[in-house]
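Participant: Have a look at the structure that comes next, please.
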Amino acid sequence: MLPKTMIFIRTERYGPPEVLLPAEMDVPAPGKGEVLIKVAAAGVNRPDVIQRTGHYPPPPGASDVLGLEVAGIVVGTGEGVTEPALGEQVCALVISGGYAEYCVAPAALCLPVPAPLSLIEAAGLPETCFTVWTNVFERGRLQAGESFLVHGGTSGIGTTAIPLAKAFGARVFATAGSAEKCQVCRDLGAEIAINHRSEDFVAVVKAATGRRGVDVILDMVGGDYIQRNISALAPDGRLVQIAFLKGSKAELDLMPVMLKRLTVTGSTLRARPVAEKASIAAALKAKVWPLLEAGQLKPVIHTTLPLAQAAEAHRLMESNRHIGKIILTV
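Just so we're aligned, residue 18 is where the sequence shown starts under the numbering used here, counting upward by one.
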């Protein structure tokens, strides 16, 4: 028997982490094509922090409860759902609502928990795996034998992108903000890790590639990094933008874009239709999940905190001291 109410993390108002407080609300009911998950753990992601400050509203019709990924047990199914089944352990990409004891998820965005992983570890998979796959391998078209640079190599995205690109045969470069973090990048599979506080990543990339540059760059920085990324790209290279921590606007010299036949692209994930995200889920299940099940890939978990300490989790994320994922346990 399901309870009628549950604990969730309420955003009292837009503001600092202290606005995140435990509260009580009704347990949501799954609609057509949805499942209800009893949440064991939820991942904390940068968009959660941006939403908390009022700069990343949820899509129309979505709950304003934070949380974009969860892992847990299916305890309810909506109309038309045959998979996943009741009682199955899943991790899921959700539009919102992850910071709670129960969460509704589209059935098509649920993936089985890979056998070697715990529910806590699995909670760190959906947001980063969906993001990296669609941007690096679909939009960026990274191929075996090509070179790949990811900025923020020890972020949740970076700690997923490095080993995944390596597993698919790419030569991997990464930037990070300390010697310790650079070593983590190398341990994850980066051939070259660049301390962006003391080194010019463009110069390092050029020196390591015989002045050619890299084939694909995944960037979350934006701002003045855009022109520098273009300088670091090889002919026919692809720059994929997924965030802009240093700003969404930049002055751009188009000449190297034209001369090198570059592609500048990007995407967001949250607002895309469920059907589009379902195709990403299918690709992950076919291409990435076997690597997880074989133990060739594993999420990097920095720390776990109880759901009630969501504010502390956000403070940690904003400090940029973490390496990999921050997970809330329920």
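Don't be surprised by glycine CBs; every beta carbon is placed ideally from N, CA and C. If you're wondering where the values come from, they're calculated on a predicted model, not measured in any experiment.
Going by CA-CA distance only, name the one from R228, G227, F218 that's closest to Q244.
Facilitator: Walking along the sequence shown from the start, residue 244 turns up at place 227. Comparing Cα positions, the closest option is F218.
Participant: For S164, which of helix, strand or coil comes out of DSSP?
Facilitator: Counting from one through the sequence shown, the residue named residue 164 turns up at place 147. Of the three classes helix, strand and coil, the one that applies to S164 here is strand, per DSSP.
Participant: Between G240 and the rest of its own chain, which residues show a CB-CB distance below 7 Å, the 5 nearest in sequence each way excluded?
Facilitator: Residue mapping note: residue 240 aligns to position 223 of the sequence shown, counting from 1. Excluding sequence neighbours, G240 sits near F261, K263, G264, A267.
Participant: Considering only their Cβ atoms, is the gap separating A187 from I209 smaller than 8 Å?
Facilitator: As a first step, residue 209 must be located in the sequence shown, where it is residue number 192. As a first step, residue 187 must be located in the sequence shown, where it is residue number 170. No, these two residues do not count as a Cβ contact at 8 Å.
Participant: Please go through the same chain and pick out, in chain order, the residues whose beta-carbon is closer than 6 Å to the beta-carbon of L324, but skip the five residues on each side of it.
Facilitator: Start at 1 with the first residue of the sequence shown, and residue 324 comes out as number 307. Correct list, in chain order: L345, V347.
Participant: Can you tell which of I179, D270, V111 has its C-alpha closest to the C-alpha of Q200?
Facilitator: Looking up residue 200 in the sequence shown gives position 183. Per the Cα distances, I179.
Participant: Tell me where the alpha helix (DSSP H) around H331 begins and ends.
Facilitator: Here residue 331 is taken as the residue at index 314 of the sequence shown, counted from 1. First-last of the alpha helix (DSSP H) with H331: 327 to 336.
Participant: Excluding the 5 residues preceding and the 5 following A231 in the sequence, name in chain order all residues of the same chain whose CB lies nearer than 7 Å to its CB.
Facilitator: Along the sequence shown, one-based indexing puts residue 231 at 214. Looking at the sequence provided, one finds Val at residue 231 rather than Ala. Hits under 7 Å: S164, F165, L166, F190, V222, A249, L250, A251, G254.
Participant: Going by CA-CA distance only, name the one from A88, N62, Q68 that's closest to G32.
Facilitator: Locating residue 32 in the sequence shown gives position 15, where the first residue counts as 1. For G32, the nearest C-alpha among the options comes from Q68.
Participant: If V233 sits next to G157, beta carbons under 8 Å apart, how far is it from one beta carbon to the other, in whole angstroms?
Facilitator: As a first step, residue 233 must be located in the sequence shown, where it is residue number 216. As a first step, residue 157 must be located in the sequence shown, where it is residue number 140. Yes, they are in contact, since the Cβ atoms of V233 and G157 sit about 4 Å apart, within 8 Å.
Participant: Can you list the beta strand (DSSP E) stretches of 3 or more residues lying completely in the region 68 to 124, in chain order?
Facilitator: Whole beta strand (DSSP E) segments, 3+ residues: 86 to 94, 106 to 110, 119 to 123.
Participant: Which stretch, first to last residue, makes up the alpha helix (DSSP H) that contains A46?
Facilitator: Stepping through the sequence shown from its first residue, residue 46 is reached at position 29. A46 -> no alpha helix (DSSP H), and no H or E assigned at all.
Participant: Please name the residue in P123, C108, P75, G48 whose C-alpha comes closest to that of E96.
Facilitator: For this step, residue 96 is matched to residue 79 along the sequence shown. If we check each option's Cα against that of E96, G48 comes out closest.
Participant: Quick check: what's the CA-CA separation for G206 versus K183?
Facilitator: As a working note, residue 206 is residue 189 in the sequence shown. As a working note, residue 183 is residue 166 in the sequence shown. Between G206 and K183, the C-alpha separation is close to 6 Å.
Participant: Can you name, in chain order, every residue of its own chain whose Cβ lies under 8 Å from the Cβ of N337, other than the five neighbours on each side?
Facilitator: By 1-based counting over the sequence shown, the position of residue 337 is 320. Excluding residues within five positions, the ones whose Cβ falls inside 8 Å are G194.
Participant: So for K277, helix, strand or coil by DSSP?
Facilitator: The residue you call residue 277 lines up with position 260 of the sequence shown. In this structure, K277 counts as coil in the three-state DSSP scheme.
Participant: For the pair the region 77 to 86 and the region 23 to 41, tell me if three or more CB-CB distances fall below 8 Å.
Facilitator: A contact exists between the region 77 to 86 and the region 23 to 41.
Participant: Do you know how far the Cα of L286 is from the Cα of P75?
Facilitator: Translated into positions along the sequence shown, residue 75 becomes position 58. Translated into positions along the sequence shown, residue 286 becomes position 269. Taking the straight line joining both Cα atoms gives about 12 Å.
Participant: Please name the residue in G104, A132, V61, G60 whose C-alpha comes closest to that of A311.
Facilitator: Along the sequence shown, one-based indexing puts residue 311 at 294. With distances taken between Cα atoms, A311 lies closest to A132.
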